[in-house]
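Q: Take a look at this one; I'll ask things after.
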Amino acid sequence: MSDAHNDGQIRLVRISNAYLRVTLDIPPLNIFGPANIPQLEEIVGLLESDERVKVVVFDSAVEGFFLTHYDFLAKPEESAKFPVGRTGLRALPDMLARLSRASVVSIASIRGRATGVGSELALACDMRFASREKAVLSQWEVGAALVPGGGPMARLPRLMGRGRALEVLLGADDINGDLAELYGYVNRSIPDSQLDDFVDSFARRIASFDRRAIAETKRLVDLNSLPPDAEIVPEWDAFIASLGRPAAQARLRLLFEQGFHKPGDVESRLGYHVGTLGSTMDIS
Amino acid sequence: MSDAHNDGQIRLVRISNAYLRVTLDIPPLNIFGPANIPQLEEIVGLLESDERVKVVVFDSAVEGFFLTHYDFLAKPEESAKFPVGRTGLRALPDMLARLSRASVVSIASIRGRATGVGSELALACDMRFASREKAVLSQWEVGAALVPGGGPMARLPRLMGRGRALEVLLGADDINGDLAELYGYVNRSIPDSQLDDFVDSFARRIASFDRRAIAETKRLVDLNSLPPDAEIVPEWDAFIASLGRPAAQARLRLLFEQGFHKPGDVESRLGYHVGTLGSTMDIS
Amino acid sequence: MSDAHNDGQIRLVRISNAYLRVTLDIPPLNIFGPANIPQLEEIVGLLESDERVKVVVFDSAVEGFFLTHYDFLAKPEESAKFPVGRTGLRALPDMLARLSRASVVSIASIRGRATGVGSELALACDMRFASREKAVLSQWEVGAALVPGGGPMARLPRLMGRGRALEVLLGADDINGDLAELYGYVNRSIPDSQLDDFVDSFARRIASFDRRAIAETKRLVDLNSLPPDAEIVPEWDAFIASLGRPAAQARLRLLFEQGFHKPGDVESRLGYHVGTLGSTMDIS
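Residue numbers (our numbering), protein chains in the order written: chain A, 1 to 284; chain B, 1001 to 1284; chain C, 2001 to 2284.
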């Protein structure tokens, strides 16, 4: 828990009783590691229990990264130590499922890269607004011989239909703000200079509304649109199994040789780089 | 039943045996009240039983309004007197569910504001075409501490995905033609000068087709896309319950003080005005 | 089986062990007939069994046509002779359902008309990319008093929502590349000059990835997004029944008088021409 990735944290800022902001601040890359699990758990617990809160915005303090993939340098025992959550899901998917189901309205304000865990957190939020110029969304996992584990196979087809969801998941490529908007990966992409004001105004508007009307309306939407937890269980199991296979280990090793987990081109253009691994490995 | 809102009516015009037009003509605002329930009931009954009809277009004769919210000046006993409909739903959601399920193809031609009941009627139609410049769609209810009751929590996520549906429902704001098209709230937005010709040509095309092929194809689409009535029951119950709560009564009172139910800025820019109530009430 | 439509064939080209191309080459119109059923059956069987294959692209060698409607000149006994497939569905919907469910990633590269069977094949593929200038998609059947039979009532609403699916199916009109992209009928429309390179690069990218990660991710997407076969059974039955009715026979006869099944305006602008049949027949 003492490596450089964990100097950072997930910070909660209370704008008002009704309006919270959660800022992802794990420099230099906003890589999500085991140290961040209890931080996010505490925040989700608060969102579930504080009856004054109506809206929460997730944003980033790290240039270029909203939140990216899991920390592959973390010791496996550090990641495995967390108990099964209240939903019966493992810690990470448990928190994401509870965030979606909470009465509070959750909004992802995406500037920079939202990849892997970052995309999954955004998808677990109720709404997503993206910087038109600076957002990059992706599920990169298949490019590293991994199966995504935090819900995207359950959530993406419900947002954008099977064809576009398969393109995002099996293409494993970077998706910019305009394409994310076209596909419905995000609600809208907003010019970067206007994103903060837009999201803040929207959140203040929600915060001015009646909490019970919000909660009941959301609950009725969720009846037909929220994936059941049982659909996410096999995703997480498939992710863990894929992580242990030689194919993933070989591709992750190559990525590390090229600069994975360090500031630079591999992390910034991860979609491009996973597309080069196969030829390097003479696999195809 | 004797107030000014009910001088108007919902008029049925028979263009041909196969092609009907239903014109919403309740000046000055196309507010839907209890007097309009039997008018719409009669029309829906005819659409269900007249085996010559293939297509029906809903449009408006009132400048600026396709159809807006329910009449909050109507006496509660006037609204409550209607028996449960054939589906087991209350009168308004019953008619909307039956319209969706009828063999006839229903098209909403939206010019002006489609808010509350107006949005719900449009969503119950099979298709929606909007004036690019003059359409305004919204579910304004949460902004008045109400829960929408006529089906939008069941219908919107199926059209546009959970994230955009939550934005429409919890944001309670006005949605213009372009955004409605991007989100799939409408099929397409059409330049205002072309909307009438476009819809009329499309309706005449449908009217020229074989009634049985239309009906069977629609029925097979509905198998996987139409919400079950059971999902709409709790919406209506939640709407009625919310209407009786002090939070909604307080916000409606403020809206009335500002000009609700009268021609003017509150009715024309309802999305803006519900966003100002919270600060007035010092609620957030 | 000896008519001119069947000089052509569906050709399989192996670009690499992992990457196949299936080229629809049934000049002059890419009309799909009974002779093509065993050809497609052989290809789908290979896609299911060859464990080296990761991706297959369907394209056309016929100018102006990706793949169009079924061959209405074929003898009914030629079409009816094929046994029920492994899924329990009839031969054509059986192959389409198996293609969707195969581990291999299937991509339709649509240049020219994808109508009827052609649209249904494209919809059964995992992804669809269309030429912005040259793609034309449609389900034309209702325009000829037919009910579509190969899955579009099950697949279209899941891709684009009920309203747009009903417009496509009941309007029976030609949909160009831009509208197909807006509606989600295709993943994206691509400028024609870039389509081949785009699809080829995407397919090579997929081919460079790990086969098991692809297959497991796709299987998890399919859990919530693929229609059950049971939903397609009644479509095929309704298609066959509609084909036997006088309304369809009369409209097909008119289409044949005007040039159906021959190169020319009827086949090229089928959406327009089915829209003229009703007035000719004095039906509406």
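Yeah, the Cβ is synthetic: ideal placement off N, Cα and C, and Gly gets one too.
Owing to the predicted nature of the structure, the values given are computational and were not obtained by experimental measurement.
Whose C-beta lies closer than 6 Å to the C-beta of Val1147 of chain B among residues of the same chain, with five residues either side of it excluded?
A: Within the second sequence, numbered from 1, the residue matching residue 1147 of chain B stands at position 147. Here the set comprises Ala1238, Phe1239 and Ser1242.
Q: Are the C-beta atoms of Gly177 of chain A and some chain B residue less than 7 Å apart?
A: As a position in the first sequence, residue 177 of chain A is number 177, starting the count at 1. Any Cβ of chain B closer than 7 Å to the Cβ of Gly177 of chain A would place that residue at the interface, and such an atom is absent.
Q: In three-state DSSP terms, what is Thr2217 of chain C?
A: What you label residue 2217 of chain C is simply residue 217 of the third sequence in a count that begins at 1. Thr2217 of chain C: helix per DSSP, three-state reduction.
Q: Using the beta-carbon of each residue, which ones in chain C are nearer than 9 Å to Val1105 of chain B?
A: The count along the second sequence starts at 1 and reaches residue 1105 of chain B at position 105. Scanning chain C for C-beta atoms nearer than 9 Å to the C-beta of Val1105 of chain B yields Leu2166 and Leu2170, reported in chain order.
Q: Relative to the C-alpha of Phe1066 of chain B, which candidate in B:Asn1017, B:Phe1129 and B:Val1084 has its C-alpha closest?
A: Position 66 of the second sequence, counted from the first residue, corresponds to residue 1066 of chain B. Checked all of B:Asn1017, B:Phe1129 and B:Val1084; the closest Cα to Phe1066 of chain B is B:Phe1129.
Q: Tell whether a beta-carbon distance below 7 Å holds between Glu2267 of chain C and Leu2029 of chain C.
A: Indexing the third sequence from 1 puts residue 2267 of chain C at position 267. Indexing the third sequence from 1 puts residue 2029 of chain C at position 29. Going by C-beta atoms, Glu2267 of chain C is nearer than 7 Å to Leu2029 of chain C.
Q: Considering only residues of the same chain and omitting the five flanking positions on each side of Gly1151 of chain B, which have a CB-CB separation below 8 Å?
A: As a first step, residue 1151 of chain B is located in the second sequence; it is residue number 151 there, counting from the start. Pro1093, Leu1096, Ala1097, Glu1120, Leu1123, Ala1124, Pro1227, Ile1232 and Glu1235.
Q: Whose C-alpha, out of B:Lys1218, B:Ala1114 and B:Leu1170, is nearest the C-alpha of Ala2165 of chain C?
A: Walking along the third sequence from the start, residue 2165 of chain C turns up at place 165. Selected option, being the one with the closest Cα: B:Lys1218.
Q: Rounded to whole angstroms, what's the CA-CA distance from Leu1254 of chain B to His1273 of chain B? Just pull it up for me.
A: For the purposes of this step, residue 1254 of chain B is taken as the residue at position 254 of the second sequence. For the purposes of this step, residue 1273 of chain B is taken as the residue at position 273 of the second sequence. In a straight line, the C-alpha of Leu1254 of chain B is about 10 Å away from that of His1273 of chain B.
Q: Assign Ser2016 of chain C to one of three DSSP states: helix, strand, or coil.
A: By one-based count along the third sequence, residue 2016 of chain C stands at place 16. Of the three classes helix, strand and coil, the one that applies to Ser2016 of chain C here is coil, per DSSP.
Q: Considering Ile1110 of chain B, what are the terminal residues of the beta strand (DSSP E) in which it resides?
A: Within the second sequence, numbered from 1, the residue matching residue 1110 of chain B stands at position 110. Val1105 to Thr1115 is the extent of the beta strand (DSSP E) around Ile1110 of chain B.
Q: Evaluate Asn36 of chain A with the Cβ neighbour count: other Cβ atoms within 10 Å of its Cβ, from every protein chain shown; 16 or more gives buried, anything less gives exposed.
A: Taking the first residue of the first sequence as position 1, residue 36 of chain A is located at position 36. Classification for Asn36 of chain A: buried.
Q: Do Ile1107 of chain B and Ala1135 of chain B have their beta-carbon atoms positioned less than 7 Å apart in this structure?
A: Your numbering for residue 1135 of chain B matches position 135 in the second sequence. Your numbering for residue 1107 of chain B matches position 107 in the second sequence. Contact flag unset, no.
Q: Should Ser284 of chain A be labelled buried (16 or more other beta-carbon atoms within 10 Å of its own) or exposed?
A: Position 284 of the first sequence holds residue 284 of chain A. Because Ser284 of chain A sits at a pLDDT of 41, beneath the cut-off of 50, its placement in the model cannot be relied upon, and the following sentence gives the value as read from the coordinates. Flag for Ser284 of chain A reads buried.
Q: Who pairs with Tyr2070 of chain C in a beta bridge, going by DSSP?
A: Start at 1 with the first residue of the third sequence, and residue 2070 of chain C comes out as number 70. C:Phe2032.
Q: For the alpha helix (DSSP H) containing Phe256 of chain A, list its first residue and its last residue.
A: In the first sequence, counting from the first residue as 1, residue 256 of chain A sits at position 256. If you look at Phe256 of chain A, you'll find it in the alpha helix (DSSP H) that goes Pro246 to Gln258.
Q: State the Cα-Cα distance for the pair Ala180 of chain A and Ser2131 of chain C, rounded to the nearest angstrom.
A: Reading the first sequence from its first residue, position 180 is the one you call residue 180 of chain A. Reading the third sequence from its first residue, position 131 is the one you call residue 2131 of chain C. Between Ala180 of chain A and Ser2131 of chain C, the C-alpha separation is close to 20 Å.
Q: What is the rounded straight-line gap between the Cα of Gly2163 of chain C and the Cα of Pro2157 of chain C?
A: The residue you call residue 2163 of chain C lines up with position 163 of the third sequence. The residue you call residue 2157 of chain C lines up with position 157 of the third sequence. If I take the Cα positions, the gap works out to 8 Å.
Q: Around the C-beta of Leu1073 of chain B, are 16 or more other C-beta atoms found within 10 angstroms, so that it is buried, or is it exposed?
A: Stepping through the second sequence from its first residue, residue 1073 of chain B is reached at position 73. Leu1073 of chain B comes out exposed.
Q: Do Gly33 of chain A and Asp59 of chain A have their CB atoms nearer than 7 Å?
A: Taking the first residue of the first sequence as 1, we reach residue 33 of chain A at position 33. Taking the first residue of the first sequence as 1, we reach residue 59 of chain A at position 59. It is not a contact, given that the beta carbons lie outside the stated cut-off.
Q: Please go through the same chain and pick out, in chain order, the residues whose beta-carbon is closer than 6 Å to the beta-carbon of Glu1048 of chain B, but skip the five residues on each side of it.
A: Indexing the second sequence from 1 puts residue 1048 of chain B at position 48. Excluding sequence neighbours, Glu1048 of chain B sits near Ala1102.
Q: Report the CB separation of Arg1251 of chain B from Leu1277 of chain B in whole angstroms; it is logged as a contact under 8 Å.
A: What you label residue 1251 of chain B is simply residue 251 of the second sequence in a count that begins at 1. What you label residue 1277 of chain B is simply residue 277 of the second sequence in a count that begins at 1. That belief holds up - the Cβ atoms of Arg1251 of chain B and Leu1277 of chain B are roughly 5 Å apart, short of 8 Å.
Q: Just verifying my parser: in three-state terms, what is the DSSP assignment at Ile26 of chain A?
A: Along the first sequence, one-based indexing puts residue 26 of chain A at 26. Annotated three-state conformation of Ile26 of chain A is coil, per DSSP.
Q: Would you please state the rounded distance, in angstroms, between the beta carbons of Asp265 of chain A and Gly259 of chain A? I believe it to be under 8 Å.
A: In the first sequence, the residue the question calls residue 265 of chain A occupies position 265. In the first sequence, the residue the question calls residue 259 of chain A occupies position 259. Going by Cβ atoms, the distance from Asp265 of chain A to Gly259 of chain A rounds to 7 Å, so yes, they are a contact pair.
Q: Where do the N-terminal and C-terminal ends of the beta strand (DSSP E) with Ala2102 of chain C fall, by residue?
A: Position 102 of the third sequence, counting from 1, holds the residue named residue 2102 of chain C. Here Ala2102 of chain C belongs to no beta strand (DSSP E), and DSSP marks it neither H nor E.
Q: Counting only beta-carbon separations shorter than 7 Å, does Val1221 of chain B have a partner in chain A?
A: Numbered from its first residue, the second sequence carries residue 1221 of chain B at position 221. Closer than 7 Å: no.
Q: Could you check where the beta strand (DSSP E) with Val57 of chain A kicks off and where it finishes?
A: Within the first sequence, numbered from 1, the residue matching residue 57 of chain A stands at position 57. Residues Val55 to Ser60.
Q: Against chain C, does Glu235 of chain A count as a neighbour if the rule is that its beta carbon must be under 7 Å from one of theirs?
A: Along the first sequence, read from residue 1 onward, the residue named residue 235 of chain A stands at position 235. Yes, because at least one Cβ of chain C sits closer than 7 Å to the Cβ of Glu235 of chain A.
Q: Could you tell me the boundaries of the alpha helix (DSSP H) in which Ser2193 of chain C lies?
A: Within the third sequence, residue 2193 of chain C is the residue found at index 193, counting from 1. Counting along the chain, the alpha helix (DSSP H) containing Ser2193 of chain C begins and ends at Asp2192 to Ala2207.
Q: Between which two residues does the beta strand (DSSP E) holding Glu288 of chain A run?
A: In the structure as shown, chain A starts at 1 and stops at 284, and residue 288 of chain A therefore has no counterpart that could be examined.
Q: Among B:Pro1263, B:Pro1038 and B:Glu1042, whose alpha-carbon lies nearest the alpha-carbon of Ala1080 of chain B?
A: Within the second sequence, residue 1080 of chain B is the residue found at index 80, counting from 1. Of B:Pro1263, B:Pro1038 and B:Glu1042, the residue nearest in Cα terms is B:Pro1038.
Q: Please state if the CB of Val1142 of chain B and the CB of Leu1170 of chain B are separated by a distance shorter than 7 Å.
A: Locating residue 1170 of chain B in the second sequence gives position 170, counting from the first residue. Locating residue 1142 of chain B in the second sequence gives position 142, counting from the first residue. Yes, Cβ-Cβ distance for Leu1170 of chain B and Val1142 of chain B is below 7 Å.
Q: Following the continuous alpha helix (DSSP H) through Leu2182 of chain C, name the residue where it begins and the one where it ends.
A: Reading the third sequence from its first residue, position 182 is the one you call residue 2182 of chain C. Here the alpha helix (DSSP H) through Leu2182 of chain C covers Gly2177 to Tyr2183.
Q: Throw me the rounded Cβ distance for the Thr1087 of chain B and Ala1061 of chain B pair, which I believe falls under 8 Å.
A: As a first step, residue 1087 of chain B must be located in the second sequence, where it is residue number 87. As a first step, residue 1061 of chain B must be located in the second sequence, where it is residue number 61. Contact between Thr1087 of chain B and Ala1061 of chain B fails: their C-beta atoms lie close to 29 Å from each other, not under 8 Å.
Q: Shorter than 7 Å from the beta carbon of Thr276 of chain A to some beta carbon of chain B?
A: For the purposes of this step, residue 276 of chain A is identified with residue 276 of the first sequence, where counting begins at 1. Closer than 7 Å: no.
Q: Do Val2053 of chain C and Leu2020 of chain C have their beta-carbon atoms positioned less than 7 Å apart in this structure?
A: Residue numbering aside, residue 2020 of chain C sits at position 20 when the third sequence is read from its first letter. Residue numbering aside, residue 2053 of chain C sits at position 53 when the third sequence is read from its first letter. In contact: Leu2020 of chain C and Val2053 of chain C (Cβ atoms closer than 7 Å).
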